[in-house]
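So for the sequence shown, the working numbering puts the first residue at 40; every next one is plus one.
For every residue, glycine included, the Cβ atom is placed at its ideal position computed from N, Cα and C.
Everything numeric in this text was worked out from a predicted model, so none of it was measured.
Worksheet: one structure, shown below.
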Amino acid sequence: MTACVACRDGEPLGFEFQIAFQPIVHLREARVWAYEALVRGAHGEPAFAVLNQVTERNRYKFDQACRVKAIEAASERFYNADLRLSINFMPNAVYEPAACIKATMTAARRTGFDLSRIIFEFTENEPMRDTAHVTKIIDAYKEFGFMTALDDFGAGYAGLGLLARIQPDLIKIDMELLRGLDASAPRRAIIQGIVGIARELGVMVLAEGVETRAELDALAPMGIDLYQGFLFGKPGIGSL
């Protein structure tokens, strides 16, 4: 793997943060399937307090630091070897996939965290400057043995067009589509359509941001197994 300038240069990050974990549950198997790593401030401040400090100059360093810190925290806290770790990453912070993954793989080897247990999430809500580059990143990550996920599906900059080009292992349906779906036939129809498309493509579906039992009762008959949201557990710092 060759190194890029961004891997070597740059100023210190300039702020501290920590990792919180939110459970992702497999409803049919009645177990926690994974945890998503979420940033929080050094004193528990919400994510936006951290993300507001990310700039073009420190974006790469922040992205790398998040990956390493998440793997280190997961290796200490995950209570069995079946739990997966979902990490958000910024496609616009990845210059060369093979070079920019080095710190992640080093952290995984050092902590004994198997690469196949790591899911990299990228979001539709970040502008895609170059979808061909995003495709290159996803293909490279799959070759390295990672799982990939498209977050906030159904909102943002890409949608079905990106899914046609890239088939991640998992799509996470945007929570705004889910809100109030128990009382909305159009929302249920759209979500059922997404589930059908994903099934045809061999992509798993996760319902994100589920907050009420009514929402869950409307989703479960659609054949969705994976869920995340306050109904199942809030992000927690410290022990799981």
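Could you please give me the residues that DSSP links to Arg79 through a beta bridge?
Position 40 of the sequence shown, counting from 1, holds the residue named residue 79. Looking at the DSSP assignment, Arg79 forms a beta bridge with Gln57.
Count the other CB atoms, across all protein chains shown, that sit within 10 Å of the CB of Asp121; report buried if there are 16 or more and exposed otherwise.
Residue numbering aside, residue 121 sits at position 82 when the sequence shown is read from its first letter. Burial call: exposed.
May I have the straight-line CA-CA distance separating Leu209 from His65, to the nearest angstrom?
Within the sequence shown, the letter at position 170 stands for residue 209. Within the sequence shown, the letter at position 26 stands for residue 65. Spanning the two alpha carbons is a distance of roughly 13 Å.
If I follow the unbroken beta strand (DSSP E) through Phe192, where does it start and stop?
Numbered from its first residue, the sequence shown carries residue 192 at position 153. Here the beta strand (DSSP E) through Phe192 covers 186-192.
Looking only at its own chain, which residues have a Cβ that is under 6 Å from the Cβ of Pro207, when we skip the five neighbours before and after it?
Looking up residue 207 in the sequence shown gives position 168. So the qualifying residues of the chain are Thr187, Ala188, Leu189.
Whose C-alpha, out of Glu135, Ser114, Glu55, is nearest the C-alpha of Ala73?
Looking up residue 73 in the sequence shown gives position 34. Among Glu135, Ser114, Glu55, the Cα nearest to that of Ala73 is on Ser114.
Closest by CA to Thr145, which one among Gly268, Leu52, Ile110?
Position 106 of the sequence shown, counted from the start, is the residue given in the question as residue 145. Of the listed residues, the one whose Cα sits closest to Thr145 is Ile110.
Among the candidates Val78, Arg96, Glu95, Asn97, whose CA atom is the shortest distance from the CA of Ala88?
Along the sequence shown, read from residue 1 onward, the residue named residue 88 stands at position 49. Ranking the options by Cα distance to Ala88, first place goes to Val78.
Let's see if you can read the secondary structure: which residues bound the alpha helix (DSSP H) around Gln103?
On the sequence shown, position 64 is the one that residue 103 refers to. That run of the alpha helix (DSSP H) goes 98-116.
On the DSSP bridge list, what partners appear for Ile126?
Position 87 of the sequence shown, counted from the first residue, corresponds to residue 126. Answer is Ala76, Phe159, bridged to Ile126.
In its own chain, which residues sit with a C-beta less than 8 Å from the C-beta of Glu95, not counting the 5 before and 5 after it?
Along the sequence shown, one-based indexing puts residue 95 at 56. Counting only Cβ-Cβ distances below 8 Å, and skipping sequence neighbours, we find nothing.
With distance defined between alpha-carbon atoms, name the residue in Phe101, Ile233, Gly184 nearest to Phe56.
Here residue 56 refers to the residue found at position 17 of the sequence shown. Closest option to Phe56, Cα to Cα, is Phe101.
In terms of DSSP beta bridges, what is Ala246 paired with?
Numbered from 1 along the sequence shown, position 207 holds the residue referred to as residue 246. Bridge partners of Ala246: Ile212, Tyr266.
Would you tell me roughly how many angstroms separate the C-alpha atoms of Arg280 and Leu216, rounded to the nearest one?
This structure gives no information on residue 280, because the portion of the chain shown stretches from 40 to 279.
So Gln231 is in the alpha helix (DSSP H); what residue range does that whole segment cover?
Here residue 231 refers to the residue found at position 192 when the sequence shown is read from its first residue. It spans 224-240 - the alpha helix (DSSP H) in which Gln231 sits, taken as one unbroken run.
When burial is assigned at 16 or more other CB atoms within 10 Å of the CB, is Phe70 buried or exposed?
As a working note, residue 70 is residue 31 in the sequence shown. In the sequence as displayed, the identity of residue 70 is Arg instead of Phe. Arg70 comes out exposed.
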